[in-house]
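Under the numbering used here, the first residue of the sequence shown is numbered 375, with each subsequent residue one higher. Shown next, in structure tokens, is the structure this report addresses.
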Amino acid sequence: MVPCPVVLLSVAGEDRPNIITLSWVANVCSNPPTIVAGIRRQRHSYEMVKNAGDFVLNIPSTDQLDAAEFAGTKSGRDFDKFKECNMTPVPATKVQSPMIEECPINIECKVIKVESAGVHDVFTAEVVAVHIDESVLDENGRFVTSKAQPFTYLPMNGEYWSLGKRLEV
Ligand SMILES: Cc1cc2nc3c(=O)[nH]c(=O)nc-3n(C[C@H](O)[C@H](O)[C@H](O)COP(=O)(O)O)c2cc1C
375 MVPCPVVLLS VAGEDRPNII TLSWVANVCS NPPTIVAGIR RQRHSYEMVK NAGDFVLNIP
435 STDQLDAAEF AGTKSGRDFD KFKECNMTPV PATKVQSPMI EECPINIECK VIKVESAGVH
495 DVFTAEVVAV HIDESVLDEN GRFVTSKAQP FTYLPMNGEY WSLGKRLEV
């Protein structure tokens with residue numbers, strides 16, 4: 375399926391927290407709000423998420439593209455990705471994993487199920503808190519896509535794309 379979202383999953387760790395870029399992520403239920411994330415078992419983050427039992431999905435803006443590429447190509451086994459990506463871990467409200475301060479949207483999630491789907495395991499998680507930076511809201515508190523500037527990934531050719539213009543119906 376294309377396009378895919380680009381999210382930065384942040385997770386608590388014994389030595390240090392980590393960030394992994396994910397695209398195999400989807401909303402799957404509104405009530406209770408639930409998401410799924412497919413994570414390969416060999417990722418450093420895989421064991422971290424299993425141990426923590428929670429994580430935060432942070433939605434980056436286009437100006438965080440380099441950080442997304444770094445967190446998606448380098449391992450937390452070798453790098454402190456918060457430091458290398460110039461990102462700041464800040465405490466979440468309902469989970470032990472930290473949020474990324476620089477991302478305009480932070481979604482706190484608690485893992486409720488882990489199942490093998492083959493090379494990836496599917497983490498099903500309930501959304502327990504959402505934070506949206508005021509800088510991406512209008513005066514009525516409504517989300518402004520052009521301010522948040524989320525971007526997408528096309529896995530078949532490894533390209534990142536920004537969102538185009540709004541389609542009117
Ligand atoms: C745009 C993008 C999307 C990715 N999506 C996923 C994904 O959904 N699941 C996954 O297991 N790895 C995905 N990866 C690969 C991991 O982010 C990458 O292997 C990372 O270096 C693992 O870091 P870690 O070892 O610190 O966990 C993606 C990479 C990129 C660049």
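Glycine included, each C-beta is placed from N, C-alpha and C at the ideal position. As the structure is a computational prediction, the values presented were derived from the model and not from experiment.
beta-carbon residue i near ligand 1 non-hydrogen atom, thresh 7 angstroms
i	result
residue 419	yes
residue 398	yes
residue 450	yes
residue 425	no
Closest Cα partner of residue i within the set the options
i	options	result
residue 484	535, 429, 475	429
residue 507	419, 480, 537, 452	480
residue 406	520, 377, 503	503
residue 527	541, 519, 536, 521	536
residue 456	424, 492, 389	389
Sub-8 angstroms separation of residue i and residue j beta-carbons
i	j	result
residue 449	residue 418	yes
residue 501	residue 478	no
residue 401	residue 413	no
residue 397	residue 432	no
Assumed close pair residue i, residue j - CB separation to whole angstroms, cut-off 8 angstroms
i	j	result
residue 376	residue 530	7 angstroms
Beta-carbon contacts of residue i that lie in its chain and below 7 angstroms, excluding the five residues immediately before and after
i	result
residue 395	380, 382, 442, 445, 446
residue 467	482, 503
Close beta carbons around residue i, own chain, < 6 angstroms, minus the five adjacent residues each side
i	result
residue 386	426, 470, 471
residue 436	523, 525, 536
Contacting residues, own chain, Cβ-Cβ under 8 angstroms from residue i (five flanking each side not counted)
i	result
residue 458	444, 448
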